[in-house]
Amino acid sequence: MDTVKQVVVETQALPAQLNLSTQTVFARAAEISDFAARNAAKIDRNGAFPVEEFQQIAAAGLLAAPLDRKLGGLGLGIEASATRDLLKLLRCVGRGNLAVGRIYEGHVNALQLIQTLGTPAQIHAYAADARDRSKIFGVWNAEAADGVKVIPLADGRYRLEGSKTFASGSGYVDRPFVNGTLPDGRWQMCIVPMDEVATVSDPAWWQPLGMRATASYKVDFSGVELDASALIGQPDDYYRQPWLTAGVVRFAAVQLGGAEALFDETRRFLHSLGRTQDPYQEERLGKMAIALESGQLWLNGAADLIANYAPIFAGSPALTHPDADKLVAYANMVRTAIEQICIDVMQLCERSVGTRGLLPPHPIERIIRDLTLYLRQPAFDAALANVGQYAFRQLDSVEQLWNL
Numbered sequence: 039m040d041t042v043k044q045v046v047v048e049t050q051a052l053p054a055q056l057n058l059s060t061q062t063v064f065a066r067a068a069e070i071s072d073f074a075a076r077n078a079a080k081i082d083r084n085g086a087f088p089v090e091e092f093q094q095i096a097a098a099g100l101l102a103a104p105l106d107r108k109l110g111g112l113g114l115g116i117e118a119s120a121t122r123d124l125l126k127l128l129r130c131v132g133r134g135n136l137a138v139g140r141i142y143e144g145h146v147n148a149l150q151l152i153q154t155l156g157t158p159a160q161i162h163a164y165a166a167d168a169r170d171r172s173k174i175f176g177v178w179n180a181e182a183a184d185g186v187k188v189i190p191l192a193d194g195r196y197r198l199e200g201s202k203t204f205a206s207g208s209g210y211v212d213r214p215f216v217n218g219t220l221p222d223g224r225w226q227m228c229i230v231p232m233d234e235v236a237t238v239s240d241p242a243w244w245q246p247l248g249m250r251a252t253a254s255y256k257v258d259f260s261g262v263e264l265d266a267s268a269l270i271g272q273p274d275d276y277y278r279q280p281w282l283t284a285g286v287v288r289f290a291a292v293q294l295g296g297a298e299a300l301f302d303e304t305r306r307f308l309h310s311l312g313r314t315q316d317p318y319q320e321e322r323l324g325k326m327a328i329a330l331e332s333g334q335l336w337l338n339g340a341a342d343l344i345a346n347y348a349p350i351f352a353g354s355p356a357l358t359h360p361d362a363d364k365l366v367a368y369a370n371m372v373r374t375a376i377e378q379i380c381i382d383v384m385q386l387c388e389r390s391v392g393t394r395g396l397l398p399p400h401p402i403e404r405i406i407r408d409l410t411l412y413l414r415q416p417a418f419d420a421a422l423a424n425v426g427q428y429a430f431r432q433l434d435s436v437e438q439l440w441n442l
């Protein structure tokens, strides 16, 4: 066990008044993705973290991009009309390195939660952290039997006891959500300022097949005390629908980016061997292209549904939307479909390149390891069953199932 020493990712922070543009952010994201792909082998080891990638992400304004435009961002992740742009950005980052995409998606997720469920004071304070101080946010929700308890103290503060697992970006993520159980059993969201507290991490806990550079350690928060201002939303708000499930389209976009990287590497490998005229290789590459385009259409469908659902991502918590179940079911379809698309692309890639293409240091070997692990998201069966449950409850014809 090691006491966590927070690592400062040195960046030249953007001035608060800087007006980001979608065009510039996408151009810089493409450059960062290319760098991440070139650097991926170097950091493909336990204990590593994509430091240079996040220096570039911060300098390009990507840490601020998920903020509302009034807060100096681009609204990616909070403005429903910007969902297509958000998913395009996440695909791009994931295509460069899934480990980078995983951590950046967590940052987007955290800022969406804050802007949806936080108070105005919390929103402005944490927006300044992301925008002006290049703080990386995350969501550390997973835990084992020794999970986090949130204990109210007599002075109005709260003490944490217990640990989180799969804490991606340990030692580098500055403002993670560390959610825990209140004495009455309800689930409370909290943000821990990691650069201001002492925690204990267990790097040896993280011995994964892939996604090694995410530094997803087990972290013990026992003894950490927080002001009430660190608590976000009301108890059990984290599980409110459709916000909880609608967000799965974000990690699905990152996953699809990894599958796109496999397509590019497979094609490059076959070109290097002069196998582009082989009819079976043509067939496999054609199937991969169809699968990836199908994934893109799924993401576009989700983005359009979210945009038509409400002006902000998944709607206002103060309102009950009559189509919330529809959005949840569609998001579950998207994650299920894209998982299978990624599995199909990996299998087609493996058959195309054979053993030779699956040996390190060829990038195909690493991408398959990373994607295999990243696809193991929680509650797959429940997500698929939810789609069937929704369909059984509807009396409309199939062409009306997903119309708002």
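In the working numbering, the protein residues as written are 39 to 442.
In this text, a Cβ means the ideal position worked out from N, Cα and C, and glycines have one as well.
Given the structure is predicted, the values throughout are model-derived calculations rather than measurements.
- For Ala205, the enclosing beta strand (DSSP E) stretches over residues Ser201 to Ala205.
- At a cut-off of 4 residues, the continuous stretches assigned as alpha helix (DSSP H) that sit fully inside the region 100-142 are 121-134.
- Leu220 and Asp275 have their C-alpha atoms some 13 Å from each other.
- Restricting attention to Asp193, Ala180 and Arg195, the CA atom closest to the CA of Trp225 is found in Ala180.
- In the structure shown, Thr62 adopts helical secondary structure according to DSSP, grouped into three states.
- Separation of the CB atoms of Phe307 and Gly207 is rounded to 31 Å, and the pair is thereby denied contact status at 8 Å.
- Short of 6 Å from the beta carbon of Lys256, and not among the five residues preceding or following it, lie these beta carbons of its own chain, in chain order: Ser201, Thr203, Asp240 and Trp243.
- Residue state for Glu181 is assigned as coil, using DSSP reduced to three classes.
- DSSP lists Gly218 as the bridge partner or partners of Gln226.
- By the C-beta criterion, the region 324-342 is judged to be in contact with the region 378-389, since at least 3 inter-stretch pairs fall below 8 Å.
- The beta strand (DSSP E) runs of length 3 or more contained entirely in the region 208-294 are, from start to end of the chain, 213-216, 225-228, 238-240 and 255-258.
- Straight through space, the alpha carbons of Ala421 and Ala367 are spaced by roughly 8 Å.
- Taking every protein chain shown into account, the CB of Ser435 has fewer than 16 other CB atoms within 10 angstroms, so this residue is exposed.
- Under the DSSP assignment, Ile379 falls outside any beta strand (DSSP E), being part of the alpha helix (DSSP H) whose first and last residues are Ala362 to Gly395.
- With contacts defined by Cβ atoms closer than 8 Å, Phe215 and Thr237 do not form a contacting pair.
- Nearest to Leu105 by alpha-carbon distance, out of Ala65, Ala148 and Thr283, is Ala148.
- Beta-bridge annotation (DSSP): Arg197 is paired with Ile189 and Glu263.
- Membership of Ser332 in the alpha helix (DSSP H) is indicated by the continuous run Pro317 to Tyr347.
- Annotation: Gly223 to Val230 spans about 20 Å, alpha carbon to alpha carbon.
- DSSP, read as helix, strand or coil, puts Phe418 in helix.
- With fewer than 16 other Cβ atoms from the protein chains shown falling within 10 Å of its own Cβ, Gln438 counts as exposed.
- With a threshold of 16 other beta carbon atoms within 10 Å, Ser59 falls short and is exposed.
- In the DSSP assignment, Phe430 is bridged to no other residue.
- Residue nearest to Ile70 within the set Glu91, Lys80 and Arg394 is Glu91 (criterion: CA-CA distance).
- Excluding sequence positions up to five before and after Val211, its CB lies within less than 6 Å of the CB of Ile174 and Gly176, all in the same chain and listed in chain order.
- When secondary structure is reduced to three states using DSSP, Ile350 falls in the strand class.
- Counting the other Cβ atoms within 10 Å of the Cβ of Phe430 gives fewer than 16, which makes it exposed.
- For Phe73, there are no CB contacts under 6 Å within the same chain when 5 residues up- and downstream are skipped.
- As DSSP reads the structure, Phe307 sits in no beta bridge.
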